[in-house]
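Q: Residue numbering for the sequence shown is -11 to 278, as defined by our numbering. Each residue gets a CB set at the ideal place from its N, CA and C atoms; glycine is no exception. Please read all numbers here as calculations on a predicted model, not as lab measurements.
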Amino acid sequence: MISIIIPTLNNLKYLQFCIKSIKKNSTFDNEIIVHVNKGEDGTLEFLKKENLKFTFTSYNAGICEGVNKASSKATTEYILYAHDDFYFAPEWDKIMLDEINKLTHNFFYFSGTMVQNGQVSLNCGNNIHNFDEDKFLENYKKIKFFDFQGSTWAPHIIHKEIWRKVGGFSEEFFPGTGSDPDLNKKLWDAGVRIFKGLQHCKVYHFGSIVTRQKEKKFNTQTESGSRGSKIFLIKWGISIKFFRKHFLKSDIPYCGPLKEPIKNYNFFFDLFLCKLYKLYLMISFKYENR
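(1) Roughly how many angstroms separate the alpha carbons of Q209 and F162, rounded to a whole number?
(2) CA-CA distance, R200 and N89?
(3) Out of T(-4), E53 and Y69, which one is the CA nearest neighbour of K26?
(4) Compare the beta carbon distance of G138 and F220 with 9 angstroms and say whether it is the shorter of the two.
(5) For D81, count neighbouring C-beta atoms within 10 Å of its own C-beta (all shown protein chains included) and say buried if the count is 16 or more, exposed if not.
(6) Report the CB separation of C52 from S167 in whole angstroms; it is logged as a contact under 8 angstroms.
(7) For N254, tell me which candidate among D120, F136 and K233 has the shortest Cα-Cα distance.
(8) Alpha carbon to alpha carbon, what distance is there between K61 and P143?
(9) What does DSSP give as the partner residues of S(-9) in its beta bridges?
(10) Give the secondary structure of K117 by DSSP, where H, G and I count as helix, E and B as strand, and everything else as coil.
(11) Considering only the beta carbon of each residue, do G100 and D135 sit closer than 9 angstroms?
(12) DSSP puts H193 in a beta bridge; with which residues?
(13) Give me, in chain order, the residues of the same chain whose beta-carbon lies closer than 8 angstroms to that of Y265; leave out the 5 immediate sequence neighbours on both sides.
Pasting the structure below:
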């Protein structure tokens, strides 16, 4: 079984649709735990009626804090982070657990493949009201893709022991953008070298982002879009692009556990650009906050 963690912000209809797909298409009786941000649209009442686990904040805690709170209630070995606007394809959980069972250790990060607003395209509608479920179920297995290297995308699954070891999501990435590669960097430093996207584990992604609130001014407490990448750069001294290129080897076909990056001319040139941009950001940040 898997503990599925879903943060939500006044997005009841999509959350209901997501949970319905989990119950319909899962192989196992997985644990669903929702973090409710605000919950002004009847979400709390729905979860209570369905007897589902949840955590709650009366404010928008964002993705990171919300997932961390909800994951503290997990009773299974595996933590899976999901968006509330996913539709899970059949056997998604069996595919993930089969992959995990091939290993003799817990140092892994597996993710699924997002359809439509993600890695591959299959237009079955842009919202839950015009979603063509029959079309999706008839065609999702026919999509030609591959297991891919260096995934940083949801839905992703981690062993609970490793999740706790790295402290879950880093909450300075409020409300969420940039937190996935940051988690991957913490996993890398903890010794994880298997970062694998599974082509056969699919979710349809409507792309309705509901837990992010845009702020125009950059600071280390709020972000949207590129602001998460700035926080990442200041924190780690490298950019998300650099980490995905030189460490995770992202988006190429999966070819096994990763190794330490090759430190050649391209590595050091890209690293120099990271350091230069970090210096610029630090100077700009001090100037803006004088």
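A: Let me lay it out:
(1) Its pLDDT being 38, under 50, Q209 is placed unreliably in this model, and the coordinates cannot settle the point.
(2) Legend: pLDDT at R200 = 42, less than 50; position of this residue unreliable, value from coordinates given subsequently. Distance between the alpha carbons of R200 and N89 is about 35 angstroms.
(3) Among T(-4), E53 and Y69, the Cα nearest to that of K26 is on T(-4).
(4) Going by C-beta atoms, G138 is not nearer than 9 angstroms to F220.
(5) The Cβ neighbour count for D81, taken over all protein chains shown within 10 Å, is at least 16; the residue is labelled buried.
(6) C52 to S167, Cβ: 5 angstroms. Contact.
(7) For the options D120, F136 and K233, the alpha carbon positioned closest to that of N254 is the one of K233.
(8) P143 and K61: Cα-Cα distance of roughly 19 angstroms.
(9) DSSP, once it has assigned bridges, lists E19 and I67 as partnering S(-9).
(10) One detail in the question is off: residue 117 reads as His in this sequence, not Lys. Looking at H117 - three-state DSSP - the assignment turns out to be coil, as it is neither helix nor strand.
(11) In this structure, G100 lies away from D135, with their beta-carbon atoms at least 9 angstroms apart.
(12) Partner(s): F74 and Q104.
(13) So the qualifying residues of the chain are L221 and S227.
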